[in-house]
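Under our numbering, the letters of the sequence shown match residues 693 to 805, in that order. As C-alpha cells, the structure follows; a few thoughts come after it.
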Amino acid sequence: MVRDYQGALNDYARSIQLRPTSLTYSNQARIYAALKQPKQAMKALTEAIRINRSWGEGNLGEAFYDRGKVQSQLGNRKAAISDFKQAARFFSQVSNTERYGAALDQITLIGAQ
693 MVRDYQGALN DYARSIQLRP TSLTYSNQAR IYAALKQPKQ AMKALTEAIR INRSWGEGNL
753 GEAFYDRGKV QSQLGNRKAA ISDFKQAARF FSQVSNTERY GAALDQITLI GAQ
C-alpha cells in the first residue's frame, strides 16, 4: 500500500482552513508522527485538545494519549506522564479498560526510565 503522507497533510491543511476541528488536527498529528515530525505532531495535538475539550471523553483520551507518546519521544517525561494521566482519566470515564490500561502502562514505563 502506497501512503501519500504529504498529500494527506495538504488535505488536512485545506480542511483546517475551511473548518478547523479537533478530529482534523488529531488526524493531522498522526501523519506528522508517521513522518517522524514530533514537534509538528505536538502542535497539532495541542490544538486538537484546545479547540474542543468536550470532544468526547474517549476521543479526547486518544488525543492526550497520542500527545503523551510525542512528549515521551521528545524527552519531556513530566509532560508525558501528565498527558497519560489525563488519557487514563478520560478512558476511565467511558469504561475503556483496554486503553485505560495502556495509558497506565505508559506511565509505569516512563517512571521506570
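Idealized CB from N, CA, C, for every residue including glycine.
Of all alpha-carbon atoms in 708, 738, 769 and 751, the one lying nearest the alpha-carbon of residue 779 is that of 751. The straight-line gap separating the alpha-carbon atoms of residue 790 and residue 784 is approximately 10 Å.
Take residue 769, set aside five residues on each side of it, and the residues of its chain with a beta-carbon closer than 6 Å to its own are 802, in chain order.
Inter-residue distance for residue 763 and residue 738 is about 11 Å (C-alpha atoms, whole angstroms). In the three-state reduction of the DSSP assignment, residue 804 falls in the coil class. DSSP places residue 768 in the coil class of the three-state scheme, outside both helix and strand. Taking all protein chains in view, the Cβ of residue 760 is crowded by 16 or more other Cβ atoms within 10 Å, so the residue is classified as buried. Here the alpha carbon of residue 724 sits roughly 8 Å from the alpha carbon of residue 697.
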